[in-house]
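Report on the following structure.
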Amino acid sequence: MTNLGVAPVVRPPLYRRVWFQRTVTWGLLLVLWEWFGQQVGPFYFPTVGGTLDGLWSVTQDGSLLTVGRSFGHMFAGFGLAVVIGVPVGLLMGTSRIAEWMLSPYIKALFVTSLAALLPFVILLFGTGFEFRAAVVFLFSIFYIVITPANGVREIDRGLIEVTRSLSASRVKTFFSLVLPGSLPFIITGLRLGLGQAIQGVIIAEIWVTVGTGRKLVTLGLARELGEFFALAAVVVLIGAALTQLLIWAQRRFTPWAGDVEASLKGGE
7 MTNLGVAPVV RPPLYRRVWF QRTVTWGLLL VLWEWFGQQV GPFYFPTVGG
57 TLDGLWSVTQ DGSLLTVGRS FGHMFAGFGL AVVIGVPVGL LMGTSRIAEW
107 MLSPYIKALF VTSLAALLPF VILLFGTGFE FRAAVVFLFS IFYIVITPAN
157 GVREIDRGLI EVTRSLSASR VKTFFSLVLP GSLPFIITGL RLGLGQAIQG
207 VIIAEIWVTV GTGRKLVTLG LARELGEFFA LAAVVVLIGA ALTQLLIWAQ
257 RRFTPWAGDV EASLKGGE
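Below you can see the structure in the form of structure tokens.
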């Protein structure tokens with residue numbers, strides 16, 4: 007009788023492992039950052055050490071609390087965009103009439119320079135919390151609407167007809183087929199909209215000189231670049247963490263779905 011053994015698992019060499027490659031890449035970037043900062047001087051570009059000192063400074067002066075409040079305003083506008091945008095997108099995907107009526111306005115919003123609309127938004131909402139939430143809403147709503155609409159269109163119409171032939175109502179068809187099939191697109195829309203929402207709240211705060219936007223402008227004008235880079239890095243890292251959370255959710259709840267951004271580009 008032939009003795010069949012299990013082949014041993016061959017581990018790739020160290021230099022081919024992802025964690026090693028990423029560690030080396032980040033190490034090289036930090037070395038280049040430090041070298042460049044020393045060459046040009048702190049007036050033009052901070053060193054790694056200067057940025058770490060800046061991080062300690064913004065931790066002590068309450069700037070991180072300001073970042074937290076800015077993200078609170080961002081979540082308010084982003085949440086409103088999700089509550090309104092996802093149902094509108096699903097409606098546009100399921101109804102040709104709704105798509106015909108709403109699509110021109112949604113696409114016009116995408117090609118319009120939103121910064122040019124900010125004075126009008128100030129006239130409507132003032133310069134307080136409502137203004138920042140409204141700007142975030144405008145910046146993020148396009149992707150949150152258009153991706154679910156594309157997701158519905160990607161569903162095989164044959165499956166819908168089969169479901170209908172089994173005497174399933176429109177409501178049952180929607181919740182058993184259309185909504186689950188659109189879920190990967192919905193999460194992708196949230197991920198893309200989130201990046202726009204973060205940009206929107208910072209731009210809004212720069213316009214009305216409040217919050218994190220004001221702090222960044224003040225630090226930049228004062229050439230306190232260590233603190234500027236540190237504060238900007240905090241915003242970027244929070245945004246990256248939130249994005250990774252949505253990517254995890256997409257892989258966890260829709261493991262069968264691939265990348266849907268190509269379909270989004272087709273829908274634009």
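Straight run, no breaks: the sequence shown in this note's numbering ends on number 274. Every residue, glycine too, gets a C-beta built ideally from N, C-alpha and C.
Over the uninterrupted alpha helix (DSSP H) stretch that includes glycine 91, give me the two end residues.
69-100
Using the beta-carbon count (16 or more within 10 Å), is alanine 268 buried or exposed?
Because alanine 268 sits at a pLDDT of 47, beneath the cut-off of 50, its placement in the model cannot be relied upon, and the point is left open.
Alanine 210, buried or exposed, once every other Cβ within 10 Å from all chains shown has been counted against 16:
buried
Is it right to say proline 154 is buried, meaning 16 or more other beta carbons lie within 10 angstroms of its own, or is it exposed?
buried
Assuming leucine 86 and phenylalanine 143 are in contact, meaning their beta carbons sit under 8 angstroms apart, how far apart are those beta carbons, in whole angstroms?
About 5 angstroms; that satisfies the 8 angstroms criterion.
Is it buried or exposed, isoleucine 213, if we count other Cβ atoms within 10 angstroms and call 16 or more buried?
Isoleucine is not the amino acid found at residue 213; the sequence shown has tryptophan there. So tryptophan 213 counts as buried.
Would you tell me roughly how many angstroms separate the C-alpha atoms of tyrosine 149 and glycine 201, rounded to the nearest one?
10 angstroms
Measure the beta-carbon distance from phenylalanine 145 to glycine 206 and round it to whole angstroms, keeping in mind my assumption that it falls under 8 angstroms.
Their Cβ separation, rounded to whole angstroms, is 3 angstroms, which keeps phenylalanine 145 and glycine 206 in contact under 8 angstroms.
Beta-carbon within less than 6 angstroms of glutamate 274's beta-carbon, same chain only, minus the 5 sequence neighbours each way: which residues are those?
Caution applies to glutamate 274, whose pLDDT of 49 falls short of 50 and renders its modelled position unreliable; the value that the coordinates give is listed next. Excluding positions up to five away in sequence, the list is empty.
Is there at least one non-hydrogen atom of the ligand GTP closer than 8 angstroms to the beta-carbon of tryptophan 262?
The model depicted lacks the ligand GTP and carries no ligand whatsoever.
The alpha helix (DSSP H) spanning leucine 183 covers which residue range?
Segment: none, leucine 183 is in no alpha helix (DSSP H) and carries neither H nor E.
Which same chain residues, not among the five before or five after leucine 124, have their C-beta less than 6 angstroms away from its C-beta?
Trp213
Verify whether the separation of the beta carbon atoms of serine 109 and glycine 157 is less than 9 angstroms.
no
Please confirm whether phenylalanine 191 has its beta-carbon closer than 9 angstroms to some beta-carbon of chain D.
The structure shown contains no chain D, having only a single protein chain.
Whole angstroms is fine: what's the gap from glutamate 105's alpha carbon to glutamate 160's?
Near 15 angstroms, if we compare the C-alpha coordinates of glutamate 160 and glutamate 105.
Alpha-carbon to alpha-carbon, glycine 83 and glycine 272:
In this predicted model, glycine 272 has a pLDDT of only 49, less than 50, meaning its place in the structure is not dependable enough to derive any value.
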